[in-house]
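Asks:
In my numbering, the protein residues as written are 1 to 360.
(1) Report, in whole angstroms, the separation of the C-beta atoms of residue 220 and residue 172, which I expect to be a contact under 8 Å.
(2) Spatial neighbours of residue 289 within its chain, please: C-beta separation below 7 Å, excluding the five flanking residues on both sides.
(3) Could you give the distance in angstroms between the alpha-carbon of residue 308 and the alpha-carbon of residue 88?
(4) Just how far apart, CA to CA, sit residue 282 and residue 265?
(5) Could you check what DSSP says for residue 361 in three-state terms: helix, strand or coil?
(6) Helix, strand or coil for residue 216, going by three-state DSSP, please let me know.
(7) For residue 255, report the span of its beta strand (DSSP E) as first-last.
(8) Between the stretch 181-188 and the stretch 199-210, do three or more beta carbon pairs fall short of 8 Å?
(9) For a minimum of 4 consecutive residues, which ranges assigned as the alpha helix (DSSP H) are wholly contained in the stretch 179-224?
(10) Over what stretch of residues does the beta strand (DSSP E) that includes residue 280 continue unbroken?
(11) Measuring CB to CB, does residue 211 end up less than 7 Å from residue 325?
(12) Out of 31, 99, 111, 176, state which residue places its alpha-carbon closest to the alpha-carbon of residue 77.
(13) With 16 as the cutoff for other CB atoms within 10 Å, does residue 285 come out buried or exposed?
(14) Helix, strand or coil: how does DSSP classify residue 65 here?
(15) Tell me the residue span of the alpha helix (DSSP H) that contains residue 317.
(16) When DSSP builds the beta bridges, which residues end up paired with residue 174?
(17) So, is residue 3 buried or exposed, given that buried needs 16 or more other C-beta atoms within 10 angstroms?
(18) Among 94, 27, 6, whose alpha-carbon lies nearest the alpha-carbon of residue 69?
(19) Should the stretch 232-243 be regarded as contacting the stretch 138-157, the criterion being three or more beta carbon pairs within less than 8 Å?
(20) On the premise that residue 214 lies in contact with residue 177, defined as a C-beta separation below 8 Å, what is that separation, rounded to the nearest angstrom?
(21) Identify every residue that forms a DSSP beta bridge with residue 227.
(22) Looking at the unbroken alpha helix (DSSP H) that takes in residue 99, where does it start and where does it end?
(23) Count the other CB atoms within 10 Å of the CB of residue 298; is the residue buried (16 or more) or exposed (fewer)?
(24) Express the C-alpha separation of residue 217 and residue 293 in angstroms, rounding to a whole number.
(25) Could you give the DSSP three-state label for residue 7: helix, strand or coil?
(26) List the whole-angstrom C-beta distance separating residue 390 from residue 351, where the pair is believed to meet the contact cut-off of C-beta under 8 Å.
Below is the structure:
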């Protein structure tokens, strides 16, 4: 008669096994194994343990032995199974990767699973598995833009310094214009969302004019000062600066982060700023709008309020924008800037080096 090997637990192993049986995040099969080992340590026979933990007797014997061989860690994973011999050899996978990374199809810009499969005489599923295993997605492409501003580093340090270490007795305002916001009216009413079906809207629309949203995001508390105008010339920018002047405490200095749009440096604007020394302008590098935090607010208002709605007039669009800003300012959540200037510069240096290698 075969005798099951005896299990004796020390205090540490017993504590770990008990925790596994009680922890909600542990897989049910691992809990079964841990309970089986605990019962085995108490002298239970395999057939009784099998009934108690709802496993086959042979499984109980298997996990008893695996625990003796590998401890608690052995219960956490299944033993490797032999499986069938893979049909995709290392040579085949290498040829798929080389073709994907270094060649292009004759009449297209990138491979699909079917075009590459036809080229190599393989199945599309094989191509798909190799791509997935190696993290390749030829159908996707990311965009980038490296700033060529000769003072990029100085401007970057200036702006990031304001985000991470704002000056005392001053407000830091991230300012910009979101121009050409269209009042689009769908030609037919869409269907509402319901179970199993997304909401719908027609692809065609009628244009009813445009507006420009001027916004100043308070970096400290997330509140927004806004104004809508039909145009975005230096005259409208001056009106917005006067609005900021009225809406902010007079005893605080104002540090405005803006881009290099021409209206921000117009002679009339420069003359007005000279008469209002509490305004200090900080310019982002050219082609670096991502450094202006107000762009994050523009993304939110576009996604949450503008893109999926329908407007019959510019006035209706501007009312929707004003209501969104008012609701946002009731309980604002500031955006937290976490990237240091050194990290950004290191990333830009790597991108420039990769671009230089690609253009050789």
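Each residue gets a CB set at the ideal place from its N, CA and C atoms; glycine is no exception.
Replies: Short version:
(1) 7 Å
(2) 259, 295
(3) In a straight line, the C-alpha of residue 308 is about 46 Å away from that of residue 88.
(4) 11 Å
(5) What the structure shows of the chain is the stretch from 1 to 360, and residue 361 is not part of that stretch, so it cannot be assessed.
(6) strand
(7) It spans 253-258 - the beta strand (DSSP E) in which residue 255 sits, taken as one unbroken run.
(8) yes
(9) none
(10) 279-283
(11) No, these two residues do not count as a Cβ contact at 7 Å.
(12) 31
(13) buried
(14) Assigned with DSSP and collapsed to three states, residue 65 falls in helix.
(15) 314-330
(16) 217, 257
(17) With fewer than 16 other Cβ atoms within 10 Å, it is exposed.
(18) Just measuring C-alpha positions, the residue of 94, 27, 6 sitting nearest residue 69 is 6.
(19) no
(20) About 5 Å separates the Cβ atoms of residue 177 and residue 214, confirming a contact at the 8 Å cut-off.
(21) 214
(22) Taken as a continuous stretch (DSSP letters only), the alpha helix (DSSP H) holding residue 99 covers 90-102.
(23) buried
(24) Roughly 8 Å between the two C-alpha positions.
(25) The answer is coil: DSSP assigns residue 7 none of H, G, I, E or B.
(26) Look at the range of the chain in this structure, 1 to 360, and you will see that residue 390 is not part of it.
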